[in-house]
Amino acid sequence: MNLTILGCYAATPRTFTNPTSQVLEISNRLFLIDCGEGTQTQLRKNKIRFTAINQIFISHLHGDHFYGLIGLISTFTLLNRHNSLTIYGPVGIKEVIKLQLRLANSWPQYELNFVELKSKQSEIIYEDKKVIVRTIPLKHRVYTNGFLFTEKTKERKLNVDKIQEYGIETCYFQNIKNGHDIVLDNGTVVPNHVLSLDPPKSKSYAFCSDTQYDESIVPIIKGVQVLYHESTFLNTEEHIAEKTMHSTAQQAAQIAQQANAEKLILGHYSTRYESIKPFKKEAETVFKNVLLGDDGVNFKF
Numbered sequence: 163m164n165l166t167i168l169g170c171y172a173a174t175p176r177t178f179t180n181p182t183s184q185v186l187e188i189s190n191r192l193f194l195i196d197c198g199e200g201t202q203t204q205l206r207k208n209k210i211r212f213t214a215i216n217q218i219f220i221s222h223l224h225g226d227h228f229y230g231l232i233g234l235i236s237t238f239t240l241l242n243r244h245n246s247l248t249i250y251g252p253v254g255i256k257e258v259i260k261l262q263l264r265l266a267n268s269w270p271q272y273e274l275n276f277v278e279l280k281s282k283q284s285e286i287i288y289e290d291k292k293v294i295v296r297t298i299p300l301k302h303r304v305y306t307n308g309f310l311f312t313e314k315t316k317e318r319k320l321n322v323d324k325i326q327e328y329g330i331e332t333c334y335f336q337n338i339k340n341g342h343d344i345v346l347d348n349g350t351v352v353p354n355h356v357l358s359l360d361p362p363k364s365k366s367y368a369f370c371s372d373t374q375y376d377e378s379i380v381p382i383i384k385g386v387q388v389l390y391h392e393s394t395f396l397n398t399e400e401h402i403a404e405k406t407m408h409s410t411a412q413q414a415a416q417i418a419q420q421a422n423a424e425k426l427i428l429g430h431y432s433t434r435y436e437s438i439k440p441f442k443k444e445a446e447t448v449f450k451n452v453l454l455g456d457d458g459v460n461f462k463f
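If you count by the working numbering, then the sequence shown holds residues 163 to 463, one letter each, in order.
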């Protein structure tokens, strides 16, 4: 699982920082999460193939999370894209994008689909043979969702030595991978755990931005491998975080601790701060395995 942070700063873009956008690669799928202004430039800088992006997830309709979307859609058209593109986001995302396309008289030649979200309960919004994506309802000034990406349980691995020892024929291999016991010709039952090995642990990633401190998301993300949680402010500005419905670094760490996450990535820093290092220091007072998100950083898990 790879995560590329294209942008992770709050509100306005600057010459040296970008608003929220990230690319998650999991089970050979590439998902774009949020699409702040400048996203397509960051995609190029980080050498991410435009053609590999077929799903885009938009958390909410504040500009620093989706103002780069119409530009990316238009560039896909100019590049003669043919693959369909599906955008998942709050009700209204379809209206605003179609209005921009209509006014520009610039309709894509590829299929453009919208899955508009309105539920305040966690729900599965994407599923294929390898990955499930469900929403994480967040508390912000407008309707907002985070997203939980989870690999499905992989097939068990064949224990080749035991397969040969028992003379198991090839036609039974898939049953073994699926977890079934095998009955030999003489009636002996060979337990599956003898013939196979446990698959690698399924990987998972939770994206939570923007949101105020909200413990109700903990059951949804319980045991997640990697949690990205917004940390717009430090504790000294907690009163502003409460007023604007954002979180502090320490609050992000509290959520990670309660969810028993393996790792916490911080991001969505207010541009009022000269350095992001204090965010890590503050979060580590609560949760030890803290990583600092920053533009252009790639994490491998």
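All C-beta atoms in this analysis are idealised placements derived from N, C-alpha and C, irrespective of residue type, glycine included.
Excluding sequence positions up to five away, which residues of its chain have a Cβ less than 7 Å from the Cβ of residue i?
i: residue 232; result: 259 and 262
i: residue 395; result: 402, 403, 408, 410 and 432
i: residue 245; result: 213, 216 and 272
i: residue 239; result: 268, 270 and 271
i: residue 298; result: 284, 307, 308, 309, 310, 368, 370, 379, 382 and 383
Between the Cα of residue i and the Cα atoms of the options, which residue gives the shortest distance?
i: residue 293; options: 282, 345, 251 and 188; result: 188
i: residue 415; options: 285, 319 and 450; result: 450
i: residue 280; options: 290, 300, 439 and 272; result: 300
i: residue 220; options: 197, 319 and 446; result: 197
i: residue 429; options: 405, 352, 320 and 459; result: 459
i: residue 343; options: 210, 335 and 353; result: 353
i: residue 177; options: 246, 167 and 200; result: 200
i: residue 225; options: 306, 238 and 236; result: 306
i: residue 275; options: 303, 269, 252 and 248; result: 248
i: residue 456; options: 437, 443 and 446; result: 437
i: residue 463; options: 445, 441 and 367; result: 367
i: residue 398; options: 435, 265 and 298; result: 435
i: residue 174; options: 390, 230, 388 and 304; result: 230
Along the chain, where does the beta strand (DSSP E) that runs through residue i open and close?
i: residue 296; result: 293 to 300
i: residue 258; result: Segment 255 to 266 is the alpha helix (DSSP H) holding residue 258; no beta strand (DSSP E) there.
i: residue 275; result: 274 to 279
i: residue 206; result: It is not in any beta strand (DSSP E) - residue 206 instead sits in the alpha helix (DSSP H) that spans 201 to 207.
i: residue 217; result: 217 to 219
i: residue 369; result: 366 to 370
i: residue 210; result: Per DSSP, residue 210 belongs to no beta strand (DSSP E) and is neither H nor E.
i: residue 289; result: 286 to 289
i: residue 454; result: 452 to 454
By DSSP's criteria, residue i is part of a beta bridge. Which residues make up the other side?
i: residue 462; result: 164
i: residue 335; result: Beta-bridge pairing links residue 335 to no other residue.
i: residue 482; result: Only positions 163 to 463 of the chain appear in the structure, and residue 482 is not among them; the question remains open.
i: residue 171; result: 431
i: residue 183; result: 169
i: residue 176; result: Its beta-bridge partners do not exist; DSSP assigns none.
i: residue 390; result: 369 and 427
i: residue 251; result: 278
i: residue 192; result: 187
i: residue 319; result: 359
i: residue 345; result: 351
i: residue 449; result: According to DSSP, residue 449 bridges with nothing at all.
What are the boundary residues of the alpha helix (DSSP H) that includes residue i?
i: residue 328; result: 322 to 328
i: residue 398; result: Residue 398 -> no alpha helix (DSSP H), and no H or E assigned at all.
i: residue 159; result: One cannot answer for residue 159 here, as it falls past the ends of the chain, which runs 163 to 463.
i: residue 227; result: 225 to 228
i: residue 383; result: 380 to 383
i: residue 356; result: 354 to 357
i: residue 441; result: 439 to 445
i: residue 417; result: 411 to 420
Can you give me the Cβ contacts of residue i inside the same chain, cut-off strictly under 6 Å, excluding the 5 residues immediately before and after it?
i: residue 142; result: Any question about residue 142 goes unanswered here, given that the chain covers just 163 to 463.
i: residue 193; result: 186 and 217
Does the ligand ZN have even one heavy atom less than 7 Å from the beta-carbon of residue i?
i: residue 222; result: Of ligands this structure carries none, so the ligand ZN is not represented either.
Excluding the five sequence neighbours on either side, which residues of its own chain have a C-beta within less than 8 Å of the C-beta of residue i, listed in chain order?
i: residue 296; result: 284, 285, 286, 287, 309, 310, 312 and 382
i: residue 361; result: 315, 316, 317, 318 and 319
i: residue 332; result: none
Quick check: is the beta carbon of residue i nearer than 8 Å to any beta carbon in chain C?
i: residue 258; result: Although the question refers to chain C, the structure presented lacks it and comprises just one protein chain.
Stretch pair the segment 341 to 349 + the segment 374 to 386: three plus CB contacts closer than 8 Å: no
Three-pair Cβ contact test at 8 Å for the segment 318 to 325 versus the segment 334 to 341: Contact holds: three or more Cβ-Cβ distances are below 8 Å.
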